[in-house]
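Student:
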Amino acid sequence: MILGLIAGRWLRTNAPRIPFRRLLLAGVTGVALGLLLHVVGICPVVKRIWTPSWTLFSGGVCFLMLAAFAWIIEAKGYIKWAFPVVVIGMNSIAAYLIAHLLPEFLTSSFRIHLGQDAFKVAGAALEPLVQGMAILLAYWMILFWMYRRKLFLRI
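All you need for this note's numbering is the position in the sequence shown, starting with 1, plus 162.
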């Protein structure tokens with residue numbers, strides 16, 4: 163969260179300019195430090211318990227992704243492809259709540275209405291992927307409905 167606040171502050175203070183160099187430097191530094199702590203044996207990169215090396219590594223990746231998306235969208239002007247992400251981002255609190263409150267309900271509803279083997283269309287090995295895609299689509303459709311009606315959860 164603190165790394166996100168830092169990135170947000172950089173973006174706000176430099177607006178409308180994007181601080182690409184700063185984002186790239188922070189990204190490469192975070193990834194390198196996280197991996198260095200892991201390789202040297204000081205602190206392993208473990209997501210499940212959010213080790214400091216994982217925090218640095220994943221934060222670095224996020225800085226790099228932010229720089230890449232800012233470059234593609236802001237600098238190059240390729241905006242239309244990002245609409246599905248805009249729908250999620252405009253209601254990120256609702257997206258978080260939906261992801262934590264609805265998965266079992268949606269899974270059981272799909273199985274009741276579509277049948278037990280509905281997600282095995284691509285084979286048993288790909289059943290979790292197909293099911294996950296269906297659930298993600300359902301989440302997005304809820305968020306899109308909220309977006310079209312200008313229903314946004316805010317703090």
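The beta-carbon is built from N, C-alpha and C at its ideal position, and this holds for glycine as well.
Can you tell me whether Ile164 is buried or exposed? The criterion is at least 16 other CB atoms within 10 Å of its CB, across all chains shown.
Tutor: It is exposed - the Cβ of Ile164 has fewer than 16 other Cβ atoms within 10 Å.
Student: Measure the alpha-carbon distance for Leu186 versus Ile211 and round it to whole angstroms.
Tutor: Their backbone Cα atoms lie some 26 Å apart in a straight line.
Student: In the structure shown, what three-state DSSP assignment does Leu195 receive?
Tutor: Leu195 falls in the helix class under three-state DSSP.
Student: Reducing DSSP to helix, strand and coil, say where Phe314 ends up.
Tutor: In this structure, Phe314 counts as coil in the three-state DSSP scheme.
Student: Would you say Gly277 and Leu226 are within 8 Å of each other, going by their C-beta atoms?
Tutor: It is not a contact, given that the beta carbons lie outside the stated cut-off.
Student: Quick one: Cα of Ile234 to Cα of Ala257, how far?
Tutor: Taking the straight line from one Cα to the other gives about 24 Å.
Student: Just curious, the alpha helix (DSSP H) that Tyr258 is in, first and last residue?
Tutor: Looking at the DSSP string, the run of the alpha helix (DSSP H) that includes Tyr258 is Ser254 to Leu263.
Student: How far does the alpha helix (DSSP H) with Val248 in it extend, from its first residue to its last?
Tutor: It spans Phe245 to Gly251 - the alpha helix (DSSP H) in which Val248 sits, taken as one unbroken run.
Student: Counting only the same chain and skipping the five closest in sequence on each side, list residues whose C-beta sits under 8 Å from that of Thr269.
Tutor: Cβ neighbours of Thr269 beyond the five flanking positions: Gln293 and Ile297.
Student: With DSSP run on the structure shown, which of helix, strand or coil describes Gln278?
Tutor: Correct three-state label for Gln278: coil.
Student: Tell me whether the stretch 239-250 and the stretch 299-306 touch, counting them as touching only if at least three CB pairs, one residue from each stretch, are closer than 8 Å.
Tutor: Cβ pair count under 8 Å is three or more, so yes.
Student: Just the Cα atoms here: how many angstroms apart are Asn253 and Leu198?
Tutor: Their Cα atoms are separated by approximately 36 Å.
Student: Quick one: grab the DSSP three-state call for Thr273.
Tutor: What sits at residue 273 in the sequence shown is Arg, not Thr. It is helical.
Student: When the Cα of Cys224 is compared with those of Cys205, Val193 and Val201, which residue comes out closest?
Tutor: When each option's Cα is compared against that of Cys224, the closest is Val193.
Student: DSSP state of Ile168, grouped into three classes?
Tutor: Residue state, collapsed to three classes: helix.
Student: For Phe267, count neighbouring Cβ atoms within 10 angstroms of its own Cβ and tell me buried if that reaches 16, exposed if not.
Tutor: Burial call: exposed.
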